[in-house]
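So the sequence lines, in the order shown, correspond to chains A and B. Taking the numbering used here, I'd label the letters of the first sequence as residues 1 to 169. Taking the numbering used here, I'd label the letters of the second sequence as residues 1 to 158. Cβ coordinates follow ideal geometry from the N, Cα and C atoms, glycine included. For reference, the structure discussed in these notes is given below.
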Amino acid sequence: MALLLRTLARQGVCLTRPRCSVFYRHAAPMGTTAKEEMNKFWDKNTKLNRPMSPHITVYKWSVPMMMSITFRGTGVGLSGAISAFALAALVLPGSYPHYLDLIHSLSVGPYLIGLAKFGLAFPVSFHTYNGIRHLFWDLGKGFKIPDVYRTGYTVIGLSVITSLALAYL
Amino acid sequence: MAAIFRLSSVCRRGVKPLFYQSALVARPLVVPHKYQEQHYQLTARIHASQALYGSSGSQAASLHWTAERVLSLMLLALGPAAYLHPSPVIDYSLAAVLTLHGHWGIGQVLTDYVHGESKIKMANAGLFLLSTVTFAGLCYFNYNDVGICKAIALLWSK
Numbered sequence: 001m002a003l004l005l006r007t008l009a010r011q012g013v014c015l016t017r018p019r020c021s022v023f024y025r026h027a028a029p030m031g032t033t034a035k036e037e038m039n040k041f042w043d044k045n046t047k048l049n050r051p052m053s054p055h056i057t058v059y060k061w062s063v064p065m066m067m068s069i070t071f072r073g074t075g076v077g078l079s080g081a082i083s084a085f086a087l088a089a090l091v092l093p094g095s096y097p098h099y100l101d102l103i104h105s106l107s108v109g110p111y112l113i114g115l116a117k118f119g120l121a122f123p124v125s126f127h128t129y130n131g132i133r134h135l136f137w138d139l140g141k142g143f144k145i146p147d148v149y150r151t152g153y154t155v156i157g158l159s160v161i162t163s164l165a166l167a168y169l
Numbered sequence: 001m002a003a004i005f006r007l008s009s010v011c012r013r014g015v016k017p018l019f020y021q022s023a024l025v026a027r028p029l030v031v032p033h034k035y036q037e038q039h040y041q042l043t044a045r046i047h048a049s050q051a052l053y054g055s056s057g058s059q060a061a062s063l064h065w066t067a068e069r070v071l072s073l074m075l076l077a078l079g080p081a082a083y084l085h086p087s088p089v090i091d092y093s094l095a096a097v098l099t100l101h102g103h104w105g106i107g108q109v110l111t112d113y114v115h116g117e118s119k120i121k122m123a124n125a126g127l128f129l130l131s132t133v134t135f136a137g138l139c140y141f142n143y144n145d146v147g148i149c150k151a152i153a154l155l156w157s158k
């Protein structure tokens with residue numbers, strides 16, 4: 001009884017009326033946003049100069065981990081390449097066919113050309129196929145660990161096959 | 001709440017102390033749990049309505065997430081479209097969609113690795129500049145040169 005009375009007293013409730021409004025007293029809105037909380041954490045962290053706990057240097061690498069960082073790496077790389085191309089288009093004086101002919105005249109040989117084509121095609125293929133895998137995850141599908149590995153190997157296989165096919169075109 | 005009423009009525013009727021004691025032992029375990037359940041239910045409802053009306057937080061992040069996925073699907077569709085029907089429309093669409101997809105993608109990378117108010121602001125400003133130059137460059141290429149679709153075709157015909 002004492003426990004109940006204490007609980008009720010804390011809420012400021014009287015026994016006679018049915019309670020609904022008391023619950024709103026607990027539902028106070030947060031004083032800070034998630035972004036503010038995050039910034040507060042990072043400001044404190046950087047000020048204290050805490051050493052970073054080892055994570056990627058000690059954790060055992062797995063296929064999903066490697067695919068994930070490769071997905072990010074290909075994304076950043078492709079984006080950088082597109083930006084470099086756009087910048088070159090703005091800055092360089094000649095036209096695109098002119099520069100293509102320049103590369104032609106270097107006469108690199110078919111193997112290197114094939115290798116270069118594979119080198120261009122693989123990041124695009126891998127990023128595209130893994131992107132589709134990500135979109136399925138966004139729908140909530142394929143999160144079970146066997147499915148993660150199965151779809152992962154499928155993406156790797158498809159990327160290699162597509163890149164080889166494109167390189168031979 | 002009903003349990004509290006029941007106990008108080010039990011007290012008033014003056015039930016035997018033994019029974020009352022056992023009821024005391026059993027009930028407090030039940031009542032706080034029920035009280036807490038209802039408490040969380042109503043609190044959840046409150047937060048849900050706040051999200052809908054955006055008083056303590058906006059839907060911007062959620063909408064951005066959806067827009068990112070929609071854009072990815074559009075880019076996926078542009079691939080075969082560019083191969084089957086190369087044209088200036090596809091060239092400019094590719095320029096826009098590629099730049100925006102890259103801009104949002106790098107934005108997520110920066111959000112993950114850059115911390116601290118001023119550093120975040122500077123990084124995002126730099127990214128905005130880069131994306132603007134990229135889009136300008138791609139449009140310039142589409143207008144004054146062969147265009148993206150033709151460029152890839154020429155490169156591959158080597």
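Among P123/A, V58/A, Y168/A, K60/A, which has the Cα closest to the Cα of L112/A? Your numbering for residue 112/A matches position 112 in the first sequence. Selection P123/A, V58/A, Y168/A, K60/A evaluated against L112/A yields Y168/A as nearest (Cα-Cα).
Quick one: give me the first and last residue of the alpha helix (DSSP H) that S118/B is part of. For this step, residue 118/B is matched to residue 118 along the second sequence. 117 to 144 is the span of the alpha helix (DSSP H), which, as asked, contains S118/B.
Say the cut is 7 Å; is the CB of I106/B nearer than that to a heavy atom of the ligand NAP? Within the structure as shown, the ligand NAP is missing, as the structure has no ligands at all.
Within 10 angstroms of the Cβ of N130/A, are there 16 or more other Cβ atoms? Answer buried if so, exposed if not. Your numbering for residue 130/A matches position 130 in the first sequence. With 16 or more other Cβ atoms within 10 Å, it is buried.
Can you tell which of G137/B, Y143/B, N142/B, L71/B has the C-alpha that lies nearest to the C-alpha of S83/A? For the purposes of this step, residue 83/A is taken as the residue at position 83 of the first sequence. Looking at the Cα atoms, G137/B is the closest of the given residues.
Measuring only the C-alpha atoms, how far is D43/A from A123/B? The residue labelled residue 43/A in the question sits at position 43 within the first sequence. The residue labelled residue 123/B in the question sits at position 123 within the second sequence. One C-alpha to the other measures close to 17 Å.
Looking at chain A, which residues of the stretch 115 to 134 of chain B have a Cβ within less than 7 Å of any of its Cβ atoms? So the list reads H115, G116, E117, L130, V133, T134, given in the order they occur along the chain.
Helix, strand or coil at N49/A [DSSP, three-state]: As a position in the first sequence, residue 49/A is number 49, starting the count at 1. The answer is coil: DSSP assigns N49/A none of H, G, I, E or B.
Closer than 7 Å at the beta carbon, the chain A residues around I106/B: Translated into positions along the second sequence, residue 106/B becomes position 106. Residues of chain A passing the Cβ test: V76, S79.
Do I148/B and L71/B come within 8 Å of each other at the CB atom, strictly closer than that value? Within the second sequence, numbered from 1, the residue matching residue 71/B stands at position 71. Within the second sequence, numbered from 1, the residue matching residue 148/B stands at position 148. No, these two residues do not count as a Cβ contact at 8 Å.
Along chain B, in chain order, which residues have C-beta atoms closer than 9 Å to that of I156/A? Taking the first sequence and counting its residues from 1, the one referred to as residue 156/A is at position 156. Here the premise fails: no neighbours, minimum Cβ distance about 19 Å.
So, A174/A versus F141/B, is the Cβ gap smaller than 8 Å? Since the displayed chain A opens at 1 and closes at 169, residue 174/A lies outside it and no answer follows.
With a Cβ-Cβ cutoff of 8 Å, do L164/A and V133/B count as a contact? One-based indexing of the first sequence puts residue 164/A at position 164. One-based indexing of the second sequence puts residue 133/B at position 133. No, the pair does not count as a contact, with Cβ atoms beyond the cut-off.
Through-space distance from V63/A to I56/A, alpha-carbon basis: By 1-based counting over the first sequence, the position of residue 56/A is 56. By 1-based counting over the first sequence, the position of residue 63/A is 63. Going by the C-alpha atoms only, they are around 14 Å apart.
When you compare the stretch 126 to 143 of chain A with the stretch 94 to 102 of chain A, are there three or more beta-carbon pairs, one atom per stretch, that lie closer than 8 Å? no
Helix, strand or coil for F126/A per DSSP? Stepping through the first sequence from its first residue, residue 126/A is reached at position 126. Helix at F126/A.
Which whole-angstrom value describes the C-beta separation of V97/B and L75/B, a residue pair presumed to lie in contact below a C-beta threshold of 8 Å? For the purposes of this step, residue 97/B is taken as residue 97 along the second sequence, with counting starting at 1. For the purposes of this step, residue 75/B is taken as residue 75 along the second sequence, with counting starting at 1. With a Cβ gap of about 5 Å, V97/B and L75/B count as contacting.
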